[in-house]
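Heads up: the structure comes next, in structure tokens.
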Amino acid sequence: MGSLKDKVVVITGAAMGLGYATAEQAAKNGAKLALVDYNADSLQKAADGLKAHYPDLEVIAIVADVSDEAAVKNYVDETVNAFGRIDGFYNNAGIEGRQAPLTSYDLDVFKKVIDINLMGAYFGLRYVIPVMQQQQHGRIVNVASVGGIRGVMNQTPYVATKHAVSGMTKNAALEYGKDGIVTNAIAPGAILTPMVAEAFNQINPADPKKAESEYAQFNPTKRLGLPEEVGKLVVFLLSEDCSYVSGQTIAVDGGQSNSYGFA
Ligand code: NAD
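For the sequence shown, this note's numbering gives the first residue as 932, with consecutive numbering after it.
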């Protein structure tokens, strides 16, 4: 895995789940961190927890809702003020929305999923890329999903926004490769985070654990992924070692998205 020694990395949605797991891996690999989340209490706990584990870690915590353009500009400015640059950007914050068929999906929830998953990811790119252009260097990892490369029953806005993230990844790689900026996306399958636990809760409120183990049977590995398995891939994609892979959406799903039907 590549080193992030002294690299300044911004992570959105850093308070828990894949954001926090990646922050842990990045801290372990020597990065300086700007952690962003809209949940102020959990964000502070995350920053304190990392600092307790890695006493030498330089870390700042910035409360921001990624769907608010001014708040995004502010987290970028605060990071540059604190560290002078941004080497890596893990553009991760996202929500699942609700499970519902396409034609009866709640429109307010639909719009919220677009505001956070699509516009939030776009605003991040809009403000981070100019900083990286000035440096003529940067690594970006956007967070799509297996739902960004395939359909997922009852998750229309999630699938639409994650396909959009994959598309924006291709364009960012095309337009800014000349500036030394390498942009990729990851497509996690079901990774056991609070977001996925909530999805199993919606699928089977009486017995979410049953829904989880049934789902795991569809995976070639017969298990769900672990957040640190995603974090390790992201550390590589943010490192100097990732120098000629760009514009890709890389599945981290135990191989499940290659399957037609049941594994
Ligand atoms: P999670 O719900 O466990 O954590 C998400 C974090 O993002 C939380 O700390 C939350 O407070 C924060 N957040 C949400 N909306 C925000 C906003 N508007 N502004 C700032 N912070 C916000 O979710 P997760 O499972 O860790 O998912 C992280 C990313 O990975 C999401 O983009 C999700 O779509 C994607 N993903 C997850 C899985 C999975 O299996 N867990 C699979 C595919 C894709």
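All C-beta atoms, glycine included, are put in the ideal place defined by N, C-alpha and C.
Check: Does the ligand NAD have even one heavy atom less than 7 angstroms from the beta-carbon of Thr943?; Outcome: yes
Check: Per DSSP, what are the beta-bridge partners of Leu966 in this structure?; Outcome: Ile942, Ala992
Check: My understanding is that Val997 touches Thr943, with C-beta atoms under 8 angstroms, so please give their C-beta distance in whole angstroms.; Outcome: 5 angstroms
Check: Over what stretch of residues does the beta strand (DSSP E) that includes Val1072 continue unbroken?; Outcome: 1069-1074
Check: Within the same chain, show all residues whose beta-carbon is closer than 8 angstroms to that of Gln1133, passing over the 5 residues directly before and after it, in chain order.; Outcome: Arg1029, Gln1030
Check: Tell me the rounded alpha-carbon separation between Ile1071 and Phe1020.; Outcome: 5 angstroms
Check: Considering only residues of the same chain and omitting the five flanking positions on each side of Ala1013, which have a CB-CB separation below 8 angstroms?; Outcome: Ala965, Ile991
Check: Just verifying my parser: in three-state terms, what is the DSSP assignment at Ala1137?; Outcome: coil
Check: Could you check where the beta strand (DSSP E) with Ile1181 kicks off and where it finishes?; Outcome: 1180-1183
Check: I'd like to confirm something about Ile1026: is its beta-carbon nearer than 7 angstroms to some heavy atom of the ligand NAD, or not?; Outcome: yes
Check: Leaving aside the five residues before and after Leu974 along the sequence, list all residues of the same chain whose C-beta is less than 7 angstroms from its C-beta, in chain order.; Outcome: Ala945, Ala946, Leu966, Asp968, Ala992, Val994
Check: Which residues share a DSSP beta bridge with Ala1118?; Outcome: Ala1182
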